[in-house]
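Peer 1: Submitted below is the structure of interest, expressed as structure tokens.
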Amino acid sequence: MDRPRKVKDLRMFIGAVNYYRDMWPSRAHVLQPLTDQTGHNKSKRARDFVWTDEMDQAFKKMKAMLAADAFMAYPDHNKPFVIYTDASDLQLGAVIMQDGRPVAYYSKKLSPAQQNYTTMEKEMLAIVMTLKEFRTMLFGAELHIHTDHKNLTFKNLNTQRVQRWRAYVEEYAPKLYYVPGEDNILADTFSRLPRLGDDSVQPIELDDCYLGEDGFFSMMDDPELGDCFLNLPELNDPAENPLNYTYIKDCQLACPQLAKAMDRHPTRYFEKELDDNFKVVCYVKEGCNPDTEWKIALPHNMLDETIRYFHDILGHPGSKRLRDYILSRYYNRDLRAKIDRYQCEHCIRNKLDGPGYGLLPERDARVAPFEEVAVDLVGPWEIKIGSRLYTFKALTIIDTVTNLVELIRIDNKEAQHVARKFQQAWLSRYPWPRRVIHDPGGEFHGEFGELLRRLSIKDVEGCAKNAQSNAICERMHQTVGNVLRTVLHSMDRPPRDLTVGKDLMDDALATAAHSMRTNVCTTLKSSPGALVYARDMFLNVPLIADWQVISSKRQQLVNESLRKANAKRRSYDYAVGQKVLKKIWKPTKLGPRTTGPYNVSRVHTNGNVTLQLNSAVTERVNIRRIIPYRVDD
1 MDRPRKVKDL RMFIGAVNYY RDMWPSRAHV LQPLTDQTGH NKSKRARDFV
51 WTDEMDQAFK KMKAMLAADA FMAYPDHNKP FVIYTDASDL QLGAVIMQDG
101 RPVAYYSKKL SPAQQNYTTM EKEMLAIVMT LKEFRTMLFG AELHIHTDHK
151 NLTFKNLNTQ RVQRWRAYVE EYAPKLYYVP GEDNILADTF SRLPRLGDDS
201 VQPIELDDCY LGEDGFFSMM DDPELGDCFL NLPELNDPAE NPLNYTYIKD
251 CQLACPQLAK AMDRHPTRYF EKELDDNFKV VCYVKEGCNP DTEWKIALPH
301 NMLDETIRYF HDILGHPGSK RLRDYILSRY YNRDLRAKID RYQCEHCIRN
351 KLDGPGYGLL PERDARVAPF EEVAVDLVGP WEIKIGSRLY TFKALTIIDT
401 VTNLVELIRI DNKEAQHVAR KFQQAWLSRY PWPRRVIHDP GGEFHGEFGE
451 LLRRLSIKDV EGCAKNAQSN AICERMHQTV GNVLRTVLHS MDRPPRDLTV
501 GKDLMDDALA TAAHSMRTNV CTTLKSSPGA LVYARDMFLN VPLIADWQVI
551 SSKRQQLVNE SLRKANAKRR SYDYAVGQKV LKKIWKPTKL GPRTTGPYNV
601 SRVHTNGNVT LQLNSAVTER VNIRRIIPYR VDD
């Protein structure tokens with residue numbers, strides 16, 4: 001809505017506001033700069049109309065109050081709607097109200113062709129366009145339409161255009177009332193006040209046929225909308241479904257197993273009239289009421305298609321829910337077993353993970369310190385230096401027996417750089433390990449692998465995207481992250497330059513390493529530093545560790561953890577040549593969850609299998625990341 005250009009426009013705006021004078025607090029105070037421009041000397045005021053900044057602020061503030069109040073009122077479809085419409089030479093205007101409060105406003109500029117309409121046609125057009133604009137809100141509700149054109153309340157309309165529009169209006173079954181123009185204040189305001197135009201929007205010529213299309217609408221006219229409500233399975237013949245009594249009767253007559261069962265148990269099988277004098281063979285259990293506890297006798301030649309039909313139409317439920325529904329309406333002695341064996345490919349591929357297939361193997365806990373270490377990369381972390389963000393990464397090394405940790409900042413992820421840092425931070429300080437565990441990242445190949453081979457250290461590579469293969473590092477990373485966040489966010493001021501930022505990160509990593517060395521581990525009942533150096537990390541007190549007790553306790557924890565993990569899995573043995581699906585790593589909520597199927601080319605004893613991805617590529621994955629493609633429980 002544009003600002004008033006003359007005193008008459010200003011009075012119209014003030015009149016519209018005063019129509020709801022009890023709805024806005026401080027209304028008179030806000031309108032004071034505007035009401036000062038209206039007075040008894042109309043001719044002088046008209047000549048001296050000046051729009052000031054104070055008036056502009058008052059006008060915008062009052063418009064904001066109007067708009068805010070309009071958004072606060074929500075339609076109640078259990079109550080009638082009261083609509084006031086009006087038309088001027090240039091615009092259409094309307095307001096929809098409930099309980100004396102506005103629900104919606106409408107205003108539209110007339111096209112050049114519409115400006116040539118007669119007064120009756122413009123007034124009727126205001127009603128038609130308002131109903132069309134808010135069709136989803138008004139259609140089917142009780143409507144009371146008020147217009148200041150009295151002829152529209154009569155039925156003897158003399159122009160074809162108005163008659164066609166009146167036929168469209170009758171779809172809403174409204175009641176039309178005449179209201180004098182001087183009382184139709186609000187709608188008159190929206191049809192006459194200056195309107196801010198949008199040059200990018202071209203006016204659309206009103207087509208009578210366009211209005212008529214809304215008279216008849218079906219949900220199935222929109223295929224996408226129909227798919228939202230209907231989940232019907234695809235059938236070669238729509239009539240061949242377990243809901244069609246004619247089809248069921250034909251299949252019953254063609255089933256020799258059902259005929260033999262009826263001859264063998266004549267008291268259990270009987271014909272029952274279900275629809276339009278159409279009789280279908282039904283089954284009742286011995287001792288049950290045949291009038292209320294009957295079930296349709298499902299022939300053997302309909303078992304598979306009935307299970308598939310209801311599985312699809314019920315939204316792919318689990319076997320228990322599917323079994324409960326089908327067995328409550330149909331009977332066949334083989335029906336329960338068939339349902340339990342039914343497998344839906346879409347469910348296997350896309351449903352959330354259930355109990356895993358295959359038990360995890362046992363694992364022996366290491367006893368000797370420094371016999372085995374696990375390495376990994378942690379990060380990146382971001383530090384803001386000036387207006388730029390810098391990322392930092394670190395190499396983490398941990399002894400799997402004592403939990404002694406080393407954290408080293410690295411400049412890049414190249415294998416040569418990582419190998420040098422590993423040699424500087426661990427091999428030059430501690431006894432050389434016999435095994436090094438790491439993930440299949442590229443930073444642990446090349447020069448890093450060559451270093452291990454040169455020192456006769458066994459290179460133990462875990463499976464991709466299987467955090468449990470290097471669980472001790474992954475758990476340690478969580479603790480390191482907590483310490484680093486606490487240290488970095490407790491700084492008084494950010495670093496000035498990159499050198500200071502690197503020093504700050506080194507200090508934070510040293511603090512995290514010291515924290516992990518001095519805190520008591522739950523599994524060890526002692527701190528890693530005290531176990532390694534045989535002294536308390538803060539007091540000058542010697543410490544003698546009983547490694548036999550520690551290793552026994554650790555083995556008990558490993559076995560208990562394995563027992564809990566296997567309790568959530570089902571016993572299953574994978575075989576060479578079997579087809580499996582591979583789970584997608586961190587899938588989106590509505591994205592696919594598996595890929596494949598792939599053939600198993602090798603089964604390992606450590607809970608891993610090798611998959612043949614294609615003729616030239618294989619991948620070794622843990623059984624946690626695969627599921628059988630076809631499962632026979």
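So that you can map any letter, position 165 of the sequence shown is 165 in the UniProt record's numbering, and since no number is skipped, the others follow by simple counting.
We treat Cβ as the ideally placed atom computed from N, Cα and C, and that holds for glycine.
Every value quoted in this text rests on a predicted model; they were computed, and no experiment measured them.
In this structure, what does DSSP give as the bridge partners for I385?
Peer 2: R388
Peer 1: Roughly how many angstroms lie between the CA atoms of N614 and I437, to the nearest whole one?
Peer 2: 28 angstroms
Peer 1: Taking its Cβ as the centre, do 16 or more other Cβ atoms sit within 10 Å of A575, making it buried, or is it exposed?
Peer 2: A575 is classed as exposed because its beta carbon has fewer than 16 other beta carbons within 10 Å across all chains shown.
Peer 1: Looking only at DSSP bridge pairs, what is E372 linked to?
Peer 2: R435
Peer 1: Output needed for N151: all residues of its chain with C-beta closer than 7 angstroms, excluding positions within five of it in sequence on either side, in chain order.
Peer 2: M120
Peer 1: Excluding five sequence neighbours on each side, which residues of the same chain lie with their C-beta closer than 8 angstroms to the C-beta of R535?
Peer 2: V541, P542, L543
Peer 1: What's the call for C288, buried or exposed, on a 16-neighbour Cβ count within 10 Å?
Peer 2: By the neighbour-count rule (16 or more Cβ atoms within 10 Å), C288 is not buried but exposed.
Peer 1: Should K109 be listed as close to the ligand ADP, given that the test is whether its C-beta is under 7 angstroms from any heavy atom?
Peer 2: In the structure on display, the ligand ADP does not appear, and there are no ligands present to speak of.
Peer 1: Is the stretch 591-603 in contact with the stretch 339-359, if contact means three or more CB pairs nearer than 8 angstroms?
Peer 2: yes
Peer 1: Assign C521 to buried or exposed, taking buried as 16 or more other Cβ atoms, counted over all protein chains shown, within 10 Å of its Cβ.
Peer 2: exposed
Peer 1: Whose C-alpha, out of R341, G318, S319, F310, is nearest the C-alpha of R329?
Peer 2: F310
Peer 1: Jot down the residue ranges of each uninterrupted beta strand (DSSP E) in the stretch 397-469, minimum 3 residues, whole runs only, in chain order.
Peer 2: 405-410, 435-438, 458-461
Peer 1: Rounded to whole angstroms, what's the CA-CA distance from K79 to D312? Just pull it up for me.
Peer 2: 40 angstroms
Peer 1: Would you call K568 buried or exposed, if buried means 16 or more other Cβ atoms sit within 10 Å of its Cβ?
Peer 2: exposed
Peer 1: Given this structure, state the Cα-to-Cα distance separating P495 from R630, to the nearest angstrom.
Peer 2: In a straight line, the C-alpha of P495 is about 58 angstroms away from that of R630.
Peer 1: Exposed or buried, which one is S111 when buried takes at least 16 other CB atoms within 10 Å?
Peer 2: exposed
Peer 1: Hey, D7 and F49 are a contact pair by Cβ (cut 8 angstroms); roughly how many whole angstroms apart?
Peer 2: The sequence shown places Val at residue 7, rather than the Asp named in the question. Between F49 and V7 the Cβ distance is about 5 angstroms, and since that is below 8 angstroms, they are a contact.
Peer 1: What residue does the alpha helix (DSSP H) around L590 start on, and which one ends it?
Peer 2: From DSSP, L590 is part of no alpha helix (DSSP H); its letter is neither H nor E.
Peer 1: How far does the alpha helix (DSSP H) with M120 in it extend, from its first residue to its last?
Peer 2: 119-133
Peer 1: Leaving out five residues before and five after V367 in sequence, what residues of the same chain have Cβ atoms less than 6 angstroms from its Cβ?
Peer 2: So the list reads S551, once near-sequence residues are dropped.
Peer 1: Taking all protein chains shown into account, do 16 or more other C-beta atoms lie within 10 angstroms of the C-beta of P242, making it buried, or fewer, making it exposed?
Peer 2: buried
Peer 1: Please name the residue in V600, Y105, K60, L427 whose C-alpha comes closest to that of M137.
Peer 2: Y105
Peer 1: Looking at the strands, I want to know which residues DSSP matches up with R333.
Peer 2: BP columns for R333 are empty, so no partner.
Peer 1: Check the DSSP bridge columns for D86 and list the partner residues they point to.
Peer 2: G93, per the DSSP bridge assignment.
Peer 1: Let me check one thing: in DSSP terms, what residues is A104 bridge-paired to?
Peer 2: I96
Peer 1: Looking at the C-beta of K132, does it have a partner C-beta in chain B at a distance below 8 angstroms?
Peer 2: Among the chains in the structure shown there is no chain B, since it carries only a single protein chain.
Peer 1: Return yes when the Cβ of L258 is within less than 8 angstroms of the Cβ of V281, no when it is not.
Peer 2: yes
Peer 1: Kindly indicate the opening and closing residues of the alpha helix (DSSP H) around T499.
Peer 2: 498-518
Peer 1: Give me the Cα-Cα distance between R101 and P180, rounded to the nearest whole angstrom.
Peer 2: 20 angstroms
Peer 1: Go to R620, then tell me how far its beta strand (DSSP E) extends in each direction, as first and last residue.
Peer 2: 618-622
Peer 1: Suppose you measure from the CA of I397 to the CA of K413; what does that come to, to the nearest Å?
Peer 2: Looking at the backbone, the Cα of I397 and that of K413 are separated by about 15 angstroms.
Peer 1: Applying the 10 Å Cβ sphere with the 16-neighbour rule, what's the burial state of P628?
Peer 2: buried
Peer 1: Is there contact between the stretch 614-625 and the stretch 376-391, where contact requires at least three CB pairs shorter than 8 angstroms?
Peer 2: no
Peer 1: Please say whether Q115 and L125 have beta carbons closer to each other than 8 angstroms?
Peer 2: no
Peer 1: Evaluate the contact criterion for the stretch 521-532 versus the stretch 323-341: three or more CB pairs, one atom per stretch, below 8 angstroms.
Peer 2: The stretch 521-532 is not in contact with the stretch 323-341.
Peer 1: For the stretch 270-353, list the alpha helix (DSSP H) runs that are entirely contained and at least 4 residues long, ordered along the chain.
Peer 2: 303-313, 319-329, 335-341, 345-350
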